[in-house]
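> This is the structure, below, for whatever I ask next.
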Amino acid sequence: MASIFEELGVRPVLNAMGNRTLLGGSTPSATVRALMDEAESDYVNMSDLMDAVGVKIAEMIGAEAALVTSG
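Residue numbers (our numbering): 5 to 75.
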């Protein structure tokens with residue numbers, strides 16, 4: 005079976021640059037992938053999620069507030 009890249013005619017490259025958007029960002033760890041798999045099974049109001057995550061991160065880093073951005 006052809007990979008998605010082969011189907012699109014795009015050649016994979018060897019990443020010697022580290023975490024770079026130009027090369028597709030980063031490869032999530034197994035822990036992150038497991039959490040992504042868990043999260044994708046439900047739907048939530050994104051505004052509520054962003055608010056809750058901001059509160060959680062602020063607590064974790066001892067800040068008054070936090071905001072997650074797309075990088």
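All C-beta atoms in this analysis are idealised placements derived from N, C-alpha and C, irrespective of residue type, glycine included.
Quick check: what's the CA-CA separation for M53 versus A70?
The sequence as given places Leu at residue 53; Met does not occur at that position. So the two alpha carbons sit approximately 13 Å from each other.
> Check the DSSP bridge columns for G29 and list the partner residues they point to.
G29 pairs with R24.
> The alpha helix (DSSP H) that contains L18, what's its start and end?
No alpha helix (DSSP H) contains L18, which DSSP labels as neither H nor E.
> DSSP three-state call for T73: helix, strand or coil?
Correct three-state label for T73: coil.
> If you check the beta carbons only, do N23 and S33 fall under 8 Å apart?
Not closer than 8 Å, so no.
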